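Student: Protein chains in written order, with my numbering: chain G, 873 to 1007; chain V, 127 to 292.
Think of the CB as a built atom: it goes at the ideal place given N, C-alpha and C, for glycine as much as any other residue.
Bear in mind that the values here come from a model prediction, so they are computed numbers and not experimental data.
Input: one structure, supplied below.
Right under this line is the structure:
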């Protein structure tokens, strides 16, 4: 089974469909992305835009989720930016907060506390951002 | 229930959470799978707190593993819970549940707290009461047996002294 993501004109994932192996295979039985794309277009319209994704995150960094953007320069599907101050880590291709999340102490864990990112706190003071919250 | 069995159930529930998140199902389906996971985690945490609170002599009776194996189980469970909690948070912030955002994460925390409260009321209190009853019965029986033996011995000694003096 192969998976193909439909992208809009901004490269945002609109949906992901599964395609049978036979519909993505060439004469020798090898999986070819362009054959799969052609199959998706034949199903959903020639004006649609498709790209292959992997359920096991084997290609394009991660499985394409709805709302993710396909970045051709990184050849990766990347979720929407969670906060304006967060940046992409070039190694993991994940969004990263400008300040590392503090580790909860045992007593904080027992009390059911957790950290939440507060963008406005960060914008007001760049040395803060993670706020300890009571559950 | 055995902690490793609860942990296995939690792991299965966590796999479902990831699948549901990947399938970009409705928020309801996501929260349903998350609440199932949270239920198992709550059971596991309850087991851990019970183990910590148990008197050591009673631990040996109720849990037929060595202290080392038991400590290892607890450590494995704690690590796994932390890993999965971290991954779920990451899913909301930068992963497959990104569309639900921080608001969604807060909703999940709220839901988790409610599940814990509900299970506390419906399940854990009963289990604790049952365990306390079992423990008290055992202690009561042990005290009765030891007391009976002591009284018999004293009676026997008095009898012997009486016989010797006559």
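Name the two residues that bound the continuous beta strand (DSSP E) containing residue 115 of chain V.
Tutor: With chain V represented from 127 up to 292, any question about residue 115 of chain V goes unanswered, as that position is not in the structure.
Student: Please find out if some non-hydrogen atom of the ligand ATP comes closer than 7 Å to the beta-carbon of residue 134 of chain V.
Tutor: With respect to small molecules bound, the structure shown includes none, and the ligand ATP cannot be examined in it.
Student: So which of V/136, V/138, V/148, V/144 has the shortest CA-CA distance to residue 887 of chain G?
Tutor: The shortest Cα separation from residue 887 of chain G among V/136, V/138, V/148, V/144 belongs to V/148.
Student: Which whole runs of the beta strand (DSSP E) in the stretch 927-979 of chain G are 3 residues long or more, in chain order?
Tutor: 941-943, 948-950, all fully within the stretch 927-979 of chain G.
Student: How is the beta strand (DSSP E) around residue 890 of chain G delimited, first residue to last?
Tutor: Segment 885-891, the beta strand (DSSP E) holding residue 890 of chain G.
Student: With distances taken Cα to Cα, identify the nearest neighbour of residue 222 of chain V among G/894, G/989, G/927.
Tutor: Cα-wise, what sits closest to residue 222 of chain V is G/927.
Student: In chain G, which residues lie with their C-beta within 8 Å of the C-beta of residue 148 of chain V?
Tutor: Correct list: 927, 935, 937.
Student: So with CB distances below 8 Å, who are the chain C contacts of residue 877 of chain G?
Tutor: In the structure shown, chain C does not exist; the protein chains are G and V.
Student: According to the neighbour-count rule (16 or more other Cβ atoms, all chains shown, within 10 Å of its Cβ), is residue 956 of chain G buried or exposed?
Tutor: Exposed.
Student: What are the partner residues of residue 1003 of chain G, as DSSP defines its beta bridges?
Tutor: G/988.
Student: Residues in its own chain within less than 6 Å of residue 921 of chain G by CB, not counting five upstream and five downstream?
Tutor: These residues qualify, in order along the chain: 879.
Student: Could you spell out where the beta strand (DSSP E) holding residue 877 of chain G opens and where it closes?
Tutor: Looking at the DSSP string, the run of the beta strand (DSSP E) that includes residue 877 of chain G is 874-879.
Student: Identify each residue in the stretch 984-995 of chain G for which the Cβ-Cβ distance to at least one residue of chain V is less than 8 Å, and report them in chain order.
Tutor: So the close ones are 984, 986, 988, 989.
Student: Closer than 8 Å, CB to CB, is residue 952 of chain G near chain V or not?
Tutor: Chain V, which has a Cβ nearer than 8 Å to the Cβ of residue 952 of chain G, makes this yes.
Student: For residue 894 of chain G, which of G/972, G/938, G/884, G/912 has the nearest alpha-carbon?
Tutor: Here the closest residue by C-alpha is G/912.
Student: Which same chain residues, not among the five before or five after residue 159 of chain V, have their C-beta less than 6 Å away from its C-beta?
Tutor: So the list reads 142, 143, 146, once near-sequence residues are dropped.
Student: Taking Cβ positions, are residue 987 of chain G and residue 1005 of chain G nearer each other than 8 Å?
Tutor: Cβ atoms of residue 987 of chain G and residue 1005 of chain G: closer than 8 Å.
Student: For chain V, check one thing: does any of its Cβ atoms lie closer than 8 Å to the Cβ of residue 882 of chain G?
Tutor: With 8 Å as the cut-off, residue 882 of chain G does not count as an interface residue toward chain V.
Student: Note the first and the last residue of the continuous beta strand (DSSP E) segment covering residue 921 of chain G.
Tutor: Segment 921-925, the beta strand (DSSP E) holding residue 921 of chain G.
Student: Along the stretch 958-979 of chain G, what residues have a CB closer than 7 Å to any CB found in chain V?
Tutor: Residues 966, 967.
Student: Given this structure, state the Cα-to-Cα distance separating residue 157 of chain V from residue 906 of chain G, to the nearest angstrom.
Tutor: Cα to Cα, residue 157 of chain V sits roughly 37 Å from residue 906 of chain G.
Student: Could you tell me which of V/230, V/292, V/178 sits nearest to residue 152 of chain V, measuring between CA atoms?
Tutor: Taking only the C-alpha atoms, the option nearest residue 152 of chain V is V/230.
Student: Could you work out which residue in V/278, V/291, V/256, V/167 is closest to residue 210 of chain V when comparing CA atoms only?
Tutor: Residue 210 of chain V has its Cα closest to that of V/167, out of V/278, V/291, V/256, V/167.
Student: Where does the unbroken alpha helix (DSSP H) through residue 227 of chain V begin, and where does it stop?
Tutor: Note, residue 227 of chain V: alpha helix (DSSP H), 227-245.
Student: Taking only the alpha-carbon atoms, compute the straight-line gap between residue 284 of chain V and residue 274 of chain V and give it to the nearest angstrom.
Tutor: If I take the Cα positions, the gap works out to 15 Å.
Student: In the DSSP assignment, find the unbroken alpha helix (DSSP H) run with residue 289 of chain V in it and report its ends.
Tutor: It spans 251-291 - the alpha helix (DSSP H) in which residue 289 of chain V sits, taken as one unbroken run.
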